[in-house]
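Have a look at the structure below before the remarks.
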Amino acid sequence: MFYRFMKATLGTVLRVAYQPWIRGSENLPASGGAILASNHLAVIDSFFLPLMMPREIVFLGKSDYVEGRGLRGRFVAWFMRGVGLIPVDRAGGRASEAALNAGLARLSDGGLFGIYPEGTRSPDGRLYRGKTGVARLALESGAPVVPVAMIGTNIAQPIGKRIPRLKRIGVVMGEPMDFSRYRGMENDRFVLRSITDEIMYEIMRLSGQEYVDMYAATAKARIAAGKTTDTASDAPGGRVAPETDVPSAPAPPTTGDPGSSDSTPTEGPA
Numbered sequence: 141m142f143y144r145f146m147k148a149t150l151g152t153v154l155r156v157a158y159q160p161w162i163r164g165s166e167n168l169p170a171s172g173g174a175i176l177a178s179n180h181l182a183v184i185d186s187f188f189l190p191l192m193m194p195r196e197i198v199f200l201g202k203s204d205y206v207e208g209r210g211l212r213g214r215f216v217a218w219f220m221r222g223v224g225l226i227p228v229d230r231a232g233g234r235a236s237e238a239a240l241n242a243g244l245a246r247l248s249d250g251g252l253f254g255i256y257p258e259g260t261r262s263p264d265g266r267l268y269r270g271k272t273g274v275a276r277l278a279l280e281s282g283a284p285v286v287p288v289a290m291i292g293t294n295i296a297q298p299i300g301k302r303i304p305r306l307k308r309i310g311v312v313m314g315e316p317m318d319f320s321r322y323r324g325m326e327n328d329r330f331v332l333r334s335i336t337d338e339i340m341y342e343i344m345r346l347s348g349q350e351y352v353d354m355y356a357a358t359a360k361a362r363i364a365a366g367k368t369t370d371t372a373s374d375a376p377g378g379r380v381a382p383e384t385d386v387p388s389a390p391a392p393p394t395t396g397d398p399g400s401s402d403s404t405p406t407e408g409p410a
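Converting from the sequence shown to my numbering requires adding 140 to each position, the first position being numbered 1.
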């Protein structure tokens, strides 16, 4: 109930203000469990991706989002709890395991589950190495993975900026990825890495981001220490990165042209 209320109220405000657009919405399964694996550029990714989905989606997110203090912190915590965010302790251990189990339960119930394989926001707009939790979820649940690219959220809300500036936000969805050929191999770390790299490659291809073969958390620490984050790897799995451009907002339809559903800012129910 709260989820629908937020989409009808705050969602309407965000649609009018940011005119979000979506491509590839036909790739979202109409029913059944599915994992949406997205890049992570800004806090508002968790606002706009659910907004553009016709089905309810819950996310794994850092526990800080539901432990905020002050007026802004309490508002964010209230919103995140309301839209079903599953908090995860990024220190790992039992807390992370519990969050993944919650994701498995969501998928077994036939719901949509969102995850940011990078584990944290990109510090500089580039795409960083994915953590293998998404691969474990895929193998243990048997659910398909839908790669997702958020576009422009880092420009609307750079790290450190609390109130997002007005900027059109985009969502690009790729075709569902089936990893059933690896079923029963969820304890093989080489298989998990291979699957994760394959997912990250698709996100890179959809988003047009430069890939960095380093965990985002490590990159943040290096940046804070004044060190470089450049690496020799071109793409996940050591592959050559394809020549891609960052997707841009579609042009508005001309008079008399209704346009396609994927080019309008009102994709999905409010």
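Note that beta-carbon positions come from the ideal geometry of N, C-alpha and C, so glycine has one too.
Going by the DSSP bridge assignment, what does Pro287 pair with across the sheet?
DSSP output for Pro287 lists Ala177 as bridge partner(s).
Suppose contacts are defined by Cβ-Cβ distances below 8 Å. Is Asp289 in contact with Val274 by that definition?
A small correction: the amino acid at residue 289 is Ala; Asp does not occupy that position in the sequence shown. For Ala289 and Val274, no; Cβs fall outside 8 Å.
Can you give me the C-alpha to C-alpha distance between Leu277 and Gly243, rounded to a whole angstrom?
Using only the alpha carbons, I get a separation of about 8 Å.
Which residues does DSSP list as the beta-bridge partners of Arg329?
According to DSSP, Arg329 shares a beta bridge with no other residue.
In the DSSP assignment, what residue or residues form a beta bridge with Tyr322?
Bridge partners of Tyr322: none, in fact.
Within its chain, find whatever has a CB closer than 6 Å to the CB of Ser373; leave out the 5 residues flanking it on each side and keep chain order.
The residues Asp353, in chain order, have a CB closer than 6 Å to that of Ser373 in the same chain once the five nearest residues on each side in sequence are set aside.
Does Leu154 pass the burial test, meaning 16 or more other C-beta atoms within 10 Å, or should it be called exposed?
By the C-beta density criterion, Leu154 is buried, having at least 16 other C-beta atoms within 10 angstroms.
Along the chain, where does the beta strand (DSSP E) that runs through Gly251 open and close?
Judged by DSSP secondary structure, Gly251 falls outside any beta strand (DSSP E); it is assigned neither H nor E.
Name the DSSP bridge partner or partners of Trp161?
Looking at the DSSP assignment, Trp161 forms a beta bridge with Gly310.
Sequence-distant residues of its chain with Cβ nearer than 7 Å to Arg305 (five each side left out):
Ala296.
State buried or exposed for Arg269, treating a residue as buried only when at least 16 other CB atoms are found within 10 Å of its CB.
In summary, Arg269 is buried, with 16 or more beta-carbon neighbours lying within 10 Å of its beta-carbon over all protein chains present.
Quick test of your reading: Leu247 and Ser281, contact by CB under 8 Å. State the CB separation rounded to the nearest angstrom.
About 4 Å separates the two Cβ atoms, so the contact holds.
Could you round the C-beta distance between Leu252 and Ala174 to whole angstroms and report it? I think they count as a contact, below 8 Å.
Rounded to the nearest angstrom, the Cβ distance from Leu252 to Ala174 is 6 Å, consistent with a contact under 8 Å.
Check whether chain C comes within 8 Å of Gly378, counting only Cβ atoms and requiring the distance to be less than that.
No chain C appears in this structure, which consists of one protein chain only.
Could you check where the alpha helix (DSSP H) with Ile363 kicks off and where it finishes?
Annotation for Ile363: the continuous alpha helix (DSSP H) segment containing it runs Ala356 to Ala364.
How big is the Cα-Cα spacing for Ile343 and Pro194?
If you draw a straight line from the Cα of Ile343 to the Cα of Pro194, it comes to about 21 Å.
My assumption, with CB atoms under 8 Å, is that Ile184 sits in contact with Thr293. Please give the rounded CB distance.
Yes, Ile184 and Thr293 are in contact; Cβ-Cβ is about 5 Å, under 8 Å.
Decide if Trp218 is buried, meaning its Cβ has at least 16 other Cβ atoms within 10 Å, or exposed.
By the neighbour-count rule (16 or more Cβ atoms within 10 Å), Trp218 is not buried but exposed.
Distance between Thr384 and Arg345 (C-alpha atoms, nearest Å):
Their Cα atoms are separated by approximately 7 Å.
Unbroken beta strand (DSSP E) run spanning Ile226, endpoints
From DSSP, the beta strand (DSSP E) with Ile226 extends over Ile226 to Val228.
Considering Ser281, what are the terminal residues of the alpha helix (DSSP H) in which it resides?
Where Ser281 is concerned, the enclosing alpha helix (DSSP H) starts and stops at Gly273 to Ser281.
Under the three-state reduction of DSSP, which class applies to Leu168: helix, strand or coil?
Per DSSP, reduced to three states, the secondary structure at Leu168 is coil, with no helix or strand assignment.
Take Val286 as the anchor and find which of Val216, Val156, Asn179 and Arg379 has the nearest alpha-carbon.
Here the closest residue by C-alpha is Asn179.
Where Ile107 sits in the DSSP three-state scheme
The shown model of the chain, from 141 to 410, leaves out residue 107, and the question about it has no answer.
Helix, strand or coil for Met193 per DSSP?
The DSSP-derived three-state label of Met193 is coil.
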